[in-house]
Amino acid sequence: MYKSSILKTKIFTLLRICAVFLTLTAFSIPAFSQEEHAEGAEKKFEPSEVILEHIADSHSLHIIGHTHLPLPVIIYTDKGLEIFSSARLAHEAGEHETEAGIYKGNYNYKLVNDKVKIVNETGEIDEAATGKLYDFSITRNVVSMWMSIAFLLIIFLSVSSAYKKRQGKAPKGLQSFIEPIILFVRDDIARPNIGYKYQRFMPLLLTVFFFIWINNLIGLVPFFPGGSNLTGNIAVTLVLSVITLLVVNLNGNKHYWQHVFVPGDVPVWIWPLWWVIELVGIISKPFALMIRLFANITAGHIIVLSLISLIFVFKSFAIAPVSVAFVVFMDVLELLVAALQAFIFTLLTALFIGTAIEEHHH
Amino acid sequence: MIGSIAALGAGLAVIGAGIGIGQIGGKACEGIARQPEAASKIQTAMIIAAALVEGVALFAVVVSFLGLK
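Respectively, the protein sequence lines represent chains V and S. Mapping to our numbering: the first sequence position 233 is 233, numbers consecutive. Mapping to our numbering: the second sequence position 45 is 45, numbers consecutive.
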């Protein structure tokens with residue numbers, strides 16, 4: 001009797017999930033209407049252009065269809081700070097490469113390839129002045145990062161307050177969902193690799209793990225507010241790997257640095273070569289972390305976007321079921337990659353920290 | 001022409017990744033066949049090694065992106 005009711009709920013849930021995915025095929029149809037320009041002026045669909053536009057950062061939030069929410073552009077030049085809406089720099093609606101607006105502030109600003117550049121009166125890019133321009137804009141990636149930070153704070157503050165309130169009692173609700181994951185990070189990532197001093201580094205490892213995982217997941221959601229390629233932005237992964245670099249090298253004990261600069265049992269004339277190799281090793285390990293995360297996530301997005309672009313390249317509805325089936329498969333694989341990349345980043349960070357603080361034993 | 005050389009380079013890198021991860025998977029299957037009790041440990045090690053090998057292959061993809069623009 002028990003079994004039949006459980007089976008019923010499983011089948012029902014499966015049917016609901018299938019229904020959701022089938023309705024997604026309906027969304028491939030409205031997208032066609034963007035192809036209709038003036039009669040006879042049909043622009044050829046350029047998949048690489050569309051894909052790169054979706055991967056890259058942008059100064060406005062794309063909500064649905066042609067609705068864009070312009071975000072503030074914050075620029076610091078040598079003439080001071082300027083804040084204005086990116087609507088002043090926007091393209092005209094519905095077409096790609098028309099005249100982008102020029103905003104006349106202290107300088108004349110124009111969006112070139114989604115980057116703010118300074119142009120002079122004739123419209124040419126002034127490279128020298130653009131080099132001195134610091135762009136602190138709130139872009140789509142920044143908004144997505146704030147959203148994931150809010151997510152993380154809500155989840156973990158509520159879990160930690162639940163632990164305080166329910167001292168000594170069994171975990172309940174969100175607590176019981178998060179607890180096994182935290183224990184997994186502690187018992188399978190931190191303790192085996194760092195040793196008995198793992199407690200100090202648990203906050204860092206947990207933060208890195210959940211930050212990367214949640215941002216990967218938000219990037220997979222195809223509609224607003226998800227869909228921005230945050231962990232596929234090399235600046236973000238650069239910062240994460242710089243954090244790893246700093247933590248590993250600032251926590252290196254005497255034995256670690258001794259091994260880098262004064263190796264034992266190595267002839268003295270090799271030492272300069274040894275220093276070069278070791279220093280390159282110190283830099284290249286976080287560098288690999290950065291590239292690995294960036295490339296995995298970006299490649300996943302590109303694959304999904306390419307498969308959807310197949311529908312536009314072939315210009316037929318018949319492709320849509322095949323394409324969406326492939327895309328669903330790739331998206332499920334991307335779910336695995338999202339969790340796996342977070343795990344690998346955290347694991348390697350723990351490994352590097354472990355090598356930096358391990359005791360000397362001959 | 002540059003674009004297609006970049007694509008060729010990415011394709012060559014994928015050959016390396018395919019061979020590497022295939023080897024990992026094969027050895028992992030052999031290991032599990034020899035000792036089924038250790039299956040979950042072998043599987044974890046396989047996944048980690050596969051992610052590292054794939055990282056290297058994606059270095060090459062990133063470099064081919066640089067060749068695009």
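Note that beta-carbon positions come from the ideal geometry of N, C-alpha and C, so glycine has one too.
query: Considering only residues of the same chain and omitting the five flanking positions on each side of V/Asn141, which have a CB-CB separation below 6 Å?; result: Asp57, Ser228, Leu230, Asn233
query: For the region 178–252 of chain V, which segments carrying the alpha helix (DSSP H) assignment without a break, of at least 4 residues, lie completely within its bounds, in sequence order?; result: 191–194, 202–220, 234–250
query: Starting from V/Tyr256, trace the alpha helix (DSSP H) both ways and give me its first and last residue.; result: 254–261
query: Spell out whether any CB of chain V is found under 9 Å from the CB atom of S/Leu52.; result: yes
query: May I ask you to verify whether the region 203–216 of chain V touches the region 111–118 of chain V, counting CB pairs closer than 8 Å and requiring at least 3?; result: no
query: From what residue to what residue does the alpha helix (DSSP H) around V/His62 run?; result: Taken as a continuous stretch (DSSP letters only), V/His62 belongs to no alpha helix (DSSP H), being part of the beta strand (DSSP E) at 60–64.
query: Alpha carbon to alpha carbon, how far is S/Met46 from S/Leu52?; result: 10 Å
query: Short of 6 Å in beta carbon distance, which residues of its chain neighbour V/Gly252, apart from the five on each side in sequence? Order them along the chain.; result: Ala356
query: Restricting to Cα atoms, I'd like to know which of V/Phe314, V/Leu293, V/Ser323 is closest to S/Phe59.; result: V/Leu293
query: Could you tell me which chain V residues have their CB closer than 8 Å to the CB of S/Leu58, listed as they occur along the chain?; result: Ile291, Arg292, Ala295, Asn296, Ala299
query: With respect to the alpha helix (DSSP H) encompassing V/Asn296, which residues constitute its N-terminal and C-terminal limits?; result: 271–314
query: Would DSSP call V/Asn141 helix, strand or coil?; result: helix
query: Is V/Phe317 helix, strand or coil when you go by DSSP?; result: coil
query: In whole angstroms, what is the alpha-carbon distance linking V/Val239 and V/Gly173?; result: 34 Å
query: Taking only beta-carbon atoms, is S/Ile42 less than 9 Å away from chain V?; result: no
query: Please tell me whether V/Ile344 has its Cβ less than 9 Å away from any Cβ of chain A.; result: You won't find chain A in this structure, because its protein chains are V and S.
query: Do V/Leu71 and V/Val143 come within 9 Å of each other at the CB atom, strictly closer than that value?; result: yes
query: Please confirm whether V/Phe45 and V/Ser309 have their CB atoms less than 9 Å apart.; result: yes
query: Going by DSSP in three states, V/Glu82 sits in which element: helix, strand or coil?; result: strand
query: Can V/His68 and V/Leu61 be called in contact, C-beta distance under 9 Å?; result: yes
query: Within 10 angstroms of its Cβ, does S/Ser4 collect 16 or more other Cβ (buried), or is it exposed?; result: exposed
query: What is the C-beta distance between V/Gly105 and V/Ala90, in whole angstroms, given that I count them as a contact (C-beta under 8 Å)?; result: Contact doesn't hold; Cβ gap of about 16 Å is too wide.
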